[in-house]
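One structure is given here, and the rest of the page talks about it.
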Amino acid sequence: MEIGVVLIVCLILVVAGLIGSVVPGLPGTPLYLVAMLIARFCGDVEMSNLELFVIFILVAATFAVDFFLPMWTTKKFGGTKAGVYGSIVGLLVGLFLPVPLPPGTATIICMFLGAVIGEYIAGQSNDVAVKSGMGNLIGFIVATTVKFALGVYCGWRLISFGLDMFNKN
1261 MEIGVVLIVC
1271 LILVVAGLIG
1281 SVVPGLPGTP
1291 LYLVAMLIAR
1301 FCGDVEMSNL
1311 ELFVIFILVA
1321 ATFAVDFFLP
1331 MWTTKKFGGT
1341 KAGVYGSIVG
1351 LLVGLFLPVP
1361 LPPGTATIIC
1371 MFLGAVIGEY
1381 IAGQSNDVAV
1391 KSGMGNLIGF
1401 IVATTVKFAL
1411 GVYCGWRLIS
1421 FGLDMFNKN
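Structural data, given as structure tokens:
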């Protein structure tokens, strides 16, 4: 397959992954890995096995960060298990809530509200409940930033592969 076409397909996958990194419920980081695998094995680009392995490890790590960081920051901000469980329920509600908001907005709002409501149900004060919700929100923002940064790196590498190919010809 033409290397230029392969790189364009890979860049489209990375852009879709960047969107998925920001919008909850859409795949983000797996698309980065797929793009890099396609570039490596179908595009005949000069990418070492070590670099591909590191990208695989980073993708796996972002899954862990994306899953555990909001829970951890909820607890760090004084939340209880009820706040963590509430944020998980809020995440699920937000994913399937049919509201006329930009993609992902309902999920973010529902995660925050779920943490707050979970704390209220557990009998926590207003301050603890809101701090728990803020901790959840901050964890989500940091996890999203990490996923987005990995996508920017993958996009940059694909562009550099394309420029190297162009300069060789």
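Just add 1260 to wherever you are in the sequence shown, counting from 1, and you've got the working numbering.
We put the CB at the ideal spot given by N, CA and C, even for glycine.
Best match in the options for proximity to residue i [C-alpha to C-alpha]
| i | options | result |
| --- | --- | --- |
| Val1376 | Gly1350, Gly1364 and Ala1321 | Gly1350 |
| Ser1385 | Pro1284, Val1402 and Gly1339 | Gly1339 |
| Gly1280 | Met1331, Ala1382 and Phe1323 | Phe1323 |
| Ile1381 | Tyr1345, Ala1295 and Leu1352 | Tyr1345 |
| Gly1288 | Val1314, Ile1268, Phe1328 and Val1412 | Val1412 |
| Cys1270 | Gly1383, Gly1415 and Ser1420 | Gly1415 |
| Met1331 | Arg1417, Ile1401 and Met1425 | Ile1401 |
| Lys1335 | Leu1297, Ala1295, Gly1393 and Gly1383 | Gly1393 |
| Met1296 | Val1282, Leu1278 and Phe1316 | Phe1316 |
Endpoints, alpha helix (DSSP H) assigned at residue i
| i | result |
| --- | --- |
| Glu1262 | First-last for Glu1262: undefined, no H or E at that position. |
| Met1307 | Segment: none, Met1307 is in no alpha helix (DSSP H) and carries neither H nor E. |
Straight-line gap, residue i to residue j (C-alpha atoms, nearest Å)
| i | j | result |
| --- | --- | --- |
| Leu1357 | Thr1404 | 21 angstroms |
| Lys1407 | Asp1304 | 26 angstroms |
| Leu1312 | Asn1427 | 23 angstroms |
| Asn1396 | Ala1299 | 36 angstroms |
| Met1307 | Met1371 | 39 angstroms |
| Val1353 | Ile1268 | 36 angstroms |
| Ala1273 | Val1266 | The sequence given here places Leu at residue 1273; Ala does not occur at that position. Rounded to the nearest angstrom, the two C-alpha atoms are 11 angstroms apart. |
| Arg1417 | Ala1389 | 43 angstroms |
| Ala1366 | Val1325 | 21 angstroms |
| Val1283 | Gly1277 | 10 angstroms |
Beta-carbon proximity check, residue i vs residue j, cutoff 8 angstroms
| i | j | result |
| --- | --- | --- |
| Gly1374 | Ser1347 | yes |
| Glu1379 | Ala1342 | yes |
| Leu1250 | Tyr1292 | There is simply no residue 1250 to check, as the chain begins at 1261 and stops at 1429 in what is shown. |
| Lys1391 | Phe1328 | no |
| Thr1492 | Ile1263 | Within the shown structure, residues of the chain are numbered from 1261 to 1429, placing residue 1492 beyond reach of any answer. |
| Leu1355 | Gly1285 | yes |
| Val1314 | Pro1290 | no |
Heavy atom of the ligand SAH within 7 angstroms of residue i beta-carbon
| i | result |
| --- | --- |
| Gly1378 | Ligands are entirely absent from the displayed structure, and the ligand SAH is therefore not among its contents. |
Requested in this report: Could I get the ranges of all uninterrupted alpha helix (DSSP H) runs contained in the segment 1320–1395, with 4 residues as the minimum, in chain order?
Outcome: 1341–1356 and 1365–1381
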